Amino acid sequence: MKKTLIALALVAAGAVAAPAFAQDVNPAAGWFVNGNVGRTSVDKDRYNGHDTGYALNGGYRWGVTPWAAIGAEVGYNDLGNIHAKNFFNNDRVVDRRKSELHGWTAGINGKFNIDPQWYISARTGLYAWKGHGTSNDDLVRRNLDKTSWYAGVGVGYDFSNNWSLGLNYDHYDAKKDNLDLTTNMTSVSLEYRF
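As numbered in mature numbering (1 follows the signal peptide of the UniProt record, and there is no 0), residues -22 to -1, 1 to 172 make up the sequence shown, in order.
Here is the structure:
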């Protein structure tokens, strides 16, 4: 019985120390915040164009190896506004207002070093979005919201254990009631880890 208690105590101590050890092993582990700014693009039905979008994220990563860290993230984004086009001559339609798409994200992310400074990243999760626009069936402007998904990849450079700069490509799925505002964003990101 005494040996069992000692073994359980050692396992518990190891479980508590493992995250702290992993953080020392991988500098990407720990709390982080990042911001992205870039070009959004929509190429769906009557919406076909580009704008500027941004995203803010924060979360925590656990170092699983010296070259890999996996974590959870939450964030907010605004993916810009695109004018609707007429199917026949590519002119603007009667509705002069632009589409809108913004929402909250919650998901998982990973950062994988390919050498001490360069890394690749990946992320995916749920996207709770709100959008406004006209569908293909009519010119009635709709205000929609739904929970869907997002996913992205990136590559970047760690300037120190705390700062990195990256280039990302993200896809945000946003479809409901014959209105497709699905948007892609190519962006530059700046991340701070603490």
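C-beta atoms are modelled at their ideal positions from N, C-alpha and C, and glycine is treated no differently. From a predicted model like this one, the values you see are computed outputs, not experimental measurements.
What residue ranges within the region 7 to 40 form continuous beta strand (DSSP E) runs of no fewer than 3 residues, ordered along the chain? Within the region 7 to 40, the beta strand (DSSP E) runs of at least 3 residues that lie entirely inside it are, in chain order, 8 to 22.
Name the DSSP beta bridge partners of Trp107, please? The count along the sequence shown starts at 1 and reaches residue 107 at position 129. According to DSSP, Trp107 bridges with Gly81, Lys124.
Cβ contact check for the region 132 to 144 and the region 152 to 162: 3 or more pairs under 8 Å: no
Taking DSSP's pairing of strands, which residues face Phe172 in a bridge? Against the sequence shown, residue 172 aligns to sequence position 194. Per DSSP, none; premise fails for Phe172.
As assigned by DSSP and simplified to three states, the class of Ser167: Sequence index remark: in the sequence shown, residue 167 carries index 189 (1-based). In this structure, Ser167 counts as strand in the three-state DSSP scheme.
How about Tyr128 and Leu104: do their beta carbons lie closer than 9 Å? Taking the sequence shown and counting its residues from 1, one reaches residue 128 at position 150. Taking the sequence shown and counting its residues from 1, one reaches residue 104 at position 126. Against a cut-off of 9 Å, the Cβ pair of Leu104 and Tyr128 comes out as a contact.
On a Cα-Cα basis, can you pick out the residue from His149, Asn146, Gln95, Asp148 that is closest to Tyr135? For this step, residue 135 is matched to residue 157 along the sequence shown. Tyr135 has its Cα closest to that of Gln95, out of His149, Asn146, Gln95, Asp148.
Ser99 - DSSP class collapsed to helix/strand/coil: The count along the sequence shown starts at 1 and reaches residue 99 at position 121. Three-state DSSP puts Ser99 in a strand.
Cα-Cα separation, Val166 to Arg120: For the purposes of this step, residue 166 is taken as the residue at position 188 of the sequence shown. For the purposes of this step, residue 120 is taken as the residue at position 142 of the sequence shown. One C-alpha to the other measures close to 31 Å.
Mind reading off the beta-carbon distance from Asp151 to Met163? Whole number of angstroms is fine, and I expect it under 8 Å. Translated into the one-based positions of the sequence shown, residue 151 becomes position 173. Translated into the one-based positions of the sequence shown, residue 163 becomes position 185. With 8 Å as the limit, Asp151 and Met163 do not qualify as a contact, their Cβ atoms being about 13 Å apart.
On the CB-based measure, 16 or more other CB atoms within 10 Å of its CB, does Phe137 come out buried or exposed? Taking the first residue of the sequence shown as position 1, residue 137 is located at position 159. The residue in question, Phe137, is exposed, as its Cβ has fewer than 16 Cβ neighbours within 10 Å.
7 Å CB neighbourhood of Leu57 in its chain, flanking five on each side removed: By 1-based counting over the sequence shown, the position of residue 57 is 79. Closer than 7 Å at Cβ, skipping near neighbours: Thr18, Gly31, Leu79, His80, Tyr150, Thr161, Met163.
Quick check: Trp40 and Ala84, are their CB atoms within less than 9 Å of each other? For the purposes of this step, residue 40 is identified with residue 62 of the sequence shown, where counting begins at 1. For the purposes of this step, residue 84 is identified with residue 106 of the sequence shown, where counting begins at 1. No, the Cβ-Cβ distance between Trp40 and Ala84 is not below 9 Å.
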